[in-house]
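Residue numbers 219 to 458, in the working numbering, belong to the letters of the sequence shown in order. Think of the CB as a built atom: it goes at the ideal place given N, C-alpha and C, for glycine as much as any other residue. Please read all numbers here as calculations on a predicted model, not as lab measurements. Input: a single structure, listed below in structure tokens.
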Amino acid sequence: MKKRFITLTAGITAIMMVASGCSGQTKETPSSTTAVQQETTETKAPETEKETTEKETESPAETSGTESTEPTLNADVPVKIWGTITEVTDRAIYVDNQSENSSTGEIVLTIDPETTRILDGKEGLPVEMDDIELGWFEAYLGPAMTMSLPPQSTPYVVIVNIEEDEKAAQYVSAAGKVEETPEGKVLTGKDKTAYTLADDVQIIPFLTKQMVTLEEIEEGRECLVWLDDDDKVEKIVLFN
């Protein structure tokens, strides 16, 4: 009887030890799972942060690439502006633009010696940078202007040294041949401005002595025109 009791007691003790061991393993499982989840979270977090940082870094670069310049008008149509010259350097003319055809206020006219004509407002003769006076100007801009501050543009023509109350020359890029109308002969520019010619209009070549006629004016031909008191063209200087 005593031996049977000891055996039963040992069996109960063994069962309790097994149960205790299982219970210990069950308690450790959540701890292991939590550690794995935490490790996974910590591993993914830097990747997400890196991707976000890369996207934020790329956006300004893409934006700045599209904002460097903006078109003004059709490349074939010069944009006329006017105002006062405030400063002249070796390669640029700083102006205060008072027209609304382009950005008002300060504009930098960058001069290209190969393509930009700087002309006297009275006779239409070339003017060197050193001889440009501060004061009134007219300029005819190219097809694009930078979005910098101040904006910059390379003009086709800049008319300078304009005296106060003087009718300065106007730059015209012809839309076609001179037309006969009931009001007289009319020269139309690509900007759609129509100029009626005086009956005794004078036409002379630019810096040459060759003979030129009104019939030589055709689409794309460039010239300067001067208006009389009746706003009719009294003189044309035809560029080669």
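Check, Outcome
"Could you pull out every residue in the same chain whose Cβ sits closer than 6 Å to the Cβ of ILE454, ignoring the five residues on either side in sequence?", "ILE421, CYS441, VAL443"
"Start and end of the beta strand (DSSP E) containing ASN379?", "373-380"
"Any chance you could list the beta strand (DSSP E) runs of at least 3 consecutive residues sitting entirely within the region 325-413, in chain order?", "335-338, 353-359, 362-364, 373-380, 388-391, 397-399, 402-406"
"Looking only at its chain, what residues have a beta carbon closer than 8 Å to the beta carbon of SER371, apart from the 5 residues adjacent to it on each side?", "THR290, SER320, ILE325, VAL326, LEU327, THR328, LEU359, GLY360, ALA362, MET363, THR364"
"What is the DSSP secondary structure of GLU434, counted as helix, strand or coil?", "helix"
"Just to confirm before moving on: does the CB-CB distance between THR414 and VAL430 stay below 8 Å?", "no"
"Just the C-alpha distance for GLU452 and ILE435, rounded to the nearest angstrom, thanks.", "16 Å"
"Return the CA-CA distance between GLU351 and ILE303, expressed in angstroms with no decimal places.", "8 Å"
"Could you pull out every residue in the same chain whose Cβ sits closer than 8 Å to the Cβ of VAL345, ignoring the five residues on either side in sequence?", "ILE336, LEU337, ASP338, VAL378, ASN379"
"Count the other CB atoms within 10 Å of the CB of LYS410; is the residue buried (16 or more) or exposed (fewer)?", "exposed"
"Tell me, please, which residues DSSP counts as bridged to GLU305.", "TYR312"
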